[in-house]
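Enquirer: Numbering (UniProt numbering), first residue to last: 1 to 426.
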Ligand SMILES: O=C(O)C(=O)CO
């Protein structure tokens, strides 16, 4: 999960307006289910010669709004929302529709849910060049924005707004589990207690669930030996690469108040002194300086614009011997071969990776290190890009993307723009 690192502290900055925060959100109303939408909100079939629409048209890609129905009522009153079907969102179909100006001079693109709306693939020059000049804002779910060329959008005068603010808490919570895992070897503890029962044949048991002596040995070995490899996070240096909302929330959760870690960070933009003071965070002017002191490094910065990794064989050389590494940002930021080498060499003692370079593929060498074989069992925790995935995040994504579009088309400032620096100067 990546985010722009220029967003403000406090991390608890609320998603604007009426975002429900309840853990039991209202159920979706039937008329907005995916099946019903194309009939209840008919597609606008305009062509370039049509008279201008009375209300700005918003191109809604992905699933219908599920939670924030009051805001959506306001939104769909202000705008004519057109929602292409799933097959119309596939790249070829979308290109054809844009060429034919199927949706006329629409003003905004709206992707409120991270799980759908990405069917067309990356918003690169091929798609962006086909957008009508009328488009002013592209508001999307997701903290990360590597799926869109935000520079090109900006140069075309289109503000791209992400929703990192809405995902920050979920990602930070998940990071806490991953950071603790690197100190306490959770994959080893969990694997030794469960794998023999899940795959008895591989652990000397039989198919009836009799796991045999080998499984008992595994349990006892983990019980006895994990102690010597485990440490309390307290007093250790937590090095954060990226200090936006997510980085700051991780610092707040793991810093002096709760886990007592010493917070250090590196970011391209140094944060205000009052933010550093409140979080007890020490700024490092270079990545190598941060890596040299970190007992656990967490990557929480957006993907590089050129798609190149930040963590490479070369940067890894700056690491403190035996350090730990966590990635909750983007898999493309890490050269996984180089990380596997560093783990094998013991330079990195333990890692936790929620994101992977070639999702949904998980790197086989890292998978082996998540297993129980060898002298350092379960020293890699691997998850399925889950960090941001909570109902509250989904609710926030919906609300924030609608609010961004309402702001920009209403003549106000965007709430969470990420590419203003690329916009042509007025
Ligand atoms: O918000 C993001 O960028 C994600 O990775 C979705 O969980």
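The beta-carbon is built from N, C-alpha and C at its ideal position, and this holds for glycine as well.
(1) Excluding the 5 residues preceding and the 5 following residue 119 in the sequence, name in chain order all residues of the same chain whose CB lies nearer than 7 Å to its CB.
(2) Within 8 Å, do at least three Cβ pairs link the segment 227–238 to the segment 248–266?
(3) Would you say the segment 301–320 touches the segment 177–185, given that touching needs at least three Cβ pairs under 8 Å?
(4) Between 293, 289, 295, 242, which has its C-alpha nearest residue 271's C-alpha?
(5) For residue 296, which of 351, 343, 114, 410 has the nearest alpha-carbon?
(6) Would residue 291 be called buried (16 or more neighbouring beta carbons within 10 Å of its own) or exposed?
(7) In terms of residues, what are the limits of the alpha helix (DSSP H) holding residue 409?
(8) Just to confirm before moving on: does the CB-CB distance between residue 62 and residue 116 stay below 8 Å?
(9) Tell me which residue opens and which closes the beta strand (DSSP E) that residue 381 is part of.
(10) Sort out for me which residues DSSP pairs residue 123 with in a bridge.
(11) Is the separation between the beta-carbon of residue 401 and that of residue 163 shorter than 8 Å?
(12) Compute every distance between the C-beta of residue 385 and the non-hydrogen atoms of ligand 1, then say whether any falls below 7 Å.
(13) Could I get the ranges of all uninterrupted alpha helix (DSSP H) runs contained in the segment 181–232, with 4 residues as the minimum, in chain order?
(14) Among residues of its own chain, excluding the 5 on either side of residue 427, which ones have a beta-carbon nearer than 6 Å to its beta-carbon?
(15) At what residues does the alpha helix (DSSP H) containing residue 358 begin and finish?
(16) Sorry if obvious, but does the Cβ on residue 307 come closer than 7 Å to a heavy atom of ligand 1?
(17) Please name the residue in 363, 327, 143, 278 whose C-alpha comes closest to that of residue 337.
(18) Give every residue of the same chain whose Cβ lies closer than 6 Å to the Cβ of residue 29, excluding the five residues on either side of it in the sequence, and list them in chain order.
(19) Can you tell me which of the three DSSP states residue 71 falls into?
(20) Using a Cβ-Cβ cut-off of 6 Å (strictly less than) and excluding sequence neighbours within five positions of residue 219, which residues of its own chain qualify?
(21) Nearest to residue 334 by alpha carbon, out of 251, 406, 113, 359?
(22) With three or more C-beta pairs closer than 8 Å as the rule, is the segment 150–159 touching the segment 119–137?
(23) Looking at the strands, I want to know which residues DSSP matches up with residue 80.
Expert: The short version:
(1) 86, 89, 90
(2) yes
(3) no
(4) 242
(5) 351
(6) buried
(7) 391–409
(8) yes
(9) 380–382
(10) 148
(11) yes
(12) yes
(13) 186–198, 212–229
(14) Look at the range of the chain in this structure, 1 to 426, and you will see that residue 427 is not part of it.
(15) That residue, residue 358, is in no alpha helix (DSSP H); it is neither H nor E in DSSP.
(16) no
(17) 363
(18) Model confidence at residue 29 stands at a pLDDT of 25, short of 50, so the residue's coordinates are unreliable; what they give is reported in the following sentence. If we look at residue 29 and ignore the five residues flanking it on each side, it has no Cβ neighbours.
(19) helix
(20) 192
(21) 359
(22) yes
(23) 57
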